[in-house]
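Number of protein chains: 2
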Amino acid sequence: MTTEQTAKDFVALLKEGKHEEAANRFNADDIASYENMPGPMAVCHGREAVRQKGEWWVAGHEVHDFSSEGPYLNGDQYAVRFHFDVTVKETGERRVMDEVGLYTVRNGKVVEERFFDERLRFRRPLRSPRTNDQAAPVRDPCLNRSGMDLGSPGARPWADRRSGPRECPG
Amino acid sequence: MTTEQTAKDFVALLKEGKHEEAANRFNADDIASYENMPGPMAVCHGREAVRQKGEWWVAGHEVHDFSSEGPYLNGDQYAVRFHFDVTVKETGERRVMDEVGLYTVRNGKVVEERFFDERLRFRRPLRSPRTNDQAAPVRDPCLNRSGMDLGSPGARPWADRRSGPRECPG
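Protein chains in written order, with our numbering: chain H, 949 to 1118; chain F, 949 to 1118.
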């Protein structure tokens, strides 16, 4: 399977909301995942670690909107543009963000995913009305789209992101 | 200068339409540039080659709209999302596309730029009214944002992209 076909099939699943199926089908056993955050969660290795990170993210967020655009192609890599609108369950913060995911393919499997995020365009605190909407934006370090099933229940909400570095699961 | 500050300053210039200034200020002498196209133009090395490629692109297109979003950050890299609406001067084809640019920074300079493109979402031929708007999209291999000054005149329209591989300038 060419990188282009891998990319198109992968993104087609994302557009249907089938994030978990996309990960199951395309993530290589030895996939490496890189997030824009400090601490050990910044890098995860292996399908299972990536899957658990996705579950953890899903468990911690109420998703109001999530869309994917692409793929954008070059060589053995493709990019995907993400837009999402979520509420962080623990804090009630509403977050609307765009991101870019960069995927590297080998033999029809994603061997690396790397996520690029912007500063928040706005956040609307739901539980803390006194919080200033103009406050300096806070980046959510707990972002992962691949391996995520937006409709999945439960999973393991590990330590809150503010409580310091976490171990990469798996 | 951090990668984040480099990215923000770079994209701020793009958003002002100052593509040439962004390239002049941030491209490393040994920058490598990768496009999603076949042939020798797919890879260019060096500031001057990248500058000439940008001039060539500008000379070949009438730009109706060009916008940049970002930056999106991770480590020593940042991504930028592009949207543009152009007419290819030679053929009269109207092209509306999104792209993603990925930039790698070393010591405050861009040492690599890599562009990811989608298939065309539509094209509207202006000089050939019988052409079917539903025709299979054709990717424009002549895309480069960095080093491009949308307002610059002239430059060198090398061979048309359909006439086979071109030498990378410079």
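Beta carbons: idealized from backbone N, C-alpha and C, even for Gly.
Return the CA-CA distance between residue i and residue j, expressed in angstroms with no decimal places.
i                       : j                       : result
residue 1158 of chain F : residue 990 of chain F  : For residue 1158 of chain F there is no data in the structure shown, the boundaries of chain F being 949 and 1118.
residue 975 of chain F  : residue 1015 of chain F : 20 Å
residue 1013 of chain H : residue 1038 of chain H : 18 Å
residue 913 of chain H  : residue 1010 of chain H : There is simply no residue 913 of chain H to check, as chain H begins at 949 and stops at 1118 in what is shown.
residue 958 of chain F  : residue 950 of chain F  : 12 Å
residue 1094 of chain H : residue 970 of chain H  : Note that residue 1094 of chain H scores 37 on pLDDT, short of 50, meaning its location in the model is unreliable; the coordinates nonetheless yield the value given after this. Cα to Cα, the separation comes out at about 7 Å.
residue 1044 of chain F : residue 1018 of chain F : 19 Å
residue 966 of chain F  : residue 1054 of chain F : 22 Å
residue 964 of chain H  : residue 973 of chain H  : 14 Å
residue 1040 of chain H : residue 1033 of chain H : 12 Å
residue 1052 of chain F : residue 1026 of chain F : 7 Å
residue 1002 of chain H : residue 1004 of chain F : 44 Å
residue 953 of chain F  : residue 1030 of chain F : 19 Å
residue 1061 of chain F : residue 960 of chain F  : 17 Å
residue 1056 of chain H : residue 1057 of chain F : 33 Å
residue 994 of chain H  : residue 994 of chain F  : 37 Å
Under the three-state reduction of DSSP, which class applies to residue i: helix, strand or coil?
i                       : result
residue 996 of chain H  : helix
residue 956 of chain H  : helix
residue 1066 of chain F : coil
residue 1061 of chain H : strand
residue 1002 of chain H : helix
residue 984 of chain H  : coil
residue 1035 of chain F : strand
residue 1055 of chain H : coil
residue 989 of chain H  : helix
residue 961 of chain H  : helix
residue 1008 of chain F : helix
Going by CA-CA distance only, name the one from the options that's closest to residue i.
i                       : options                           : result
residue 1046 of chain F : F/1060, F/1057, F/1040 and F/1066 : F/1066
residue 1059 of chain F : F/992, F/1039 and F/1036          : F/992
residue 956 of chain H  : H/1006, H/1024 and H/1005         : H/1024
residue 1028 of chain H : H/1042, H/1063, H/1044 and H/1002 : H/1063
residue 1020 of chain H : H/1049, H/972 and H/1054          : H/1049
residue 985 of chain H  : F/1032, F/1022 and F/1008         : F/1022
residue 1008 of chain F : F/1042, F/954 and F/1051          : F/1042
residue 1119 of chain F : F/1026, F/994 and F/968           : Residue 1119 of chain F falls outside the range modelled here, since chain F spans only 949 to 1118, and no answer is possible.
Measuring from the CB of residue i, is there a heavy atom of the ligand HEM at a distance below 8 Å?
i                       : result
residue 1016 of chain F : Ligands displayed in this structure: none; no statement on the ligand HEM is therefore possible.
Does residue i have its Cβ less than 9 Å from a Cβ in chain A?
i                      : result
residue 957 of chain F : No chain A appears in the structure shown, which is made up of the protein chains H and F.
- Would you say the stretch 994-1001 of chain F touches the stretch 968-986 of chain F, given that touching needs at least three Cβ pairs under 8 Å? Contact between the stretch 994-1001 of chain F and the stretch 968-986 of chain F is present, because at least three Cβ pairs lie under 8 Å.
- Where the stretch 1009-1030 of chain F meets chain H: residues whose CB sits under 8 Å from a CB there: 1017, 1018, 1019, 1020, 1021, 1022, 1023, 1025, 1026, 1027 and 1029
- Query: When you check each C-beta in the stretch 969-988 of chain F against every C-beta of chain H, which residues fall closer than 7 Å?
  - Reply: 982 and 984
- Taking a cut of 8 Å between CB atoms, which residues from the stretch 1040-1053 of chain F lie near chain H? 1046, 1047, 1048 and 1050
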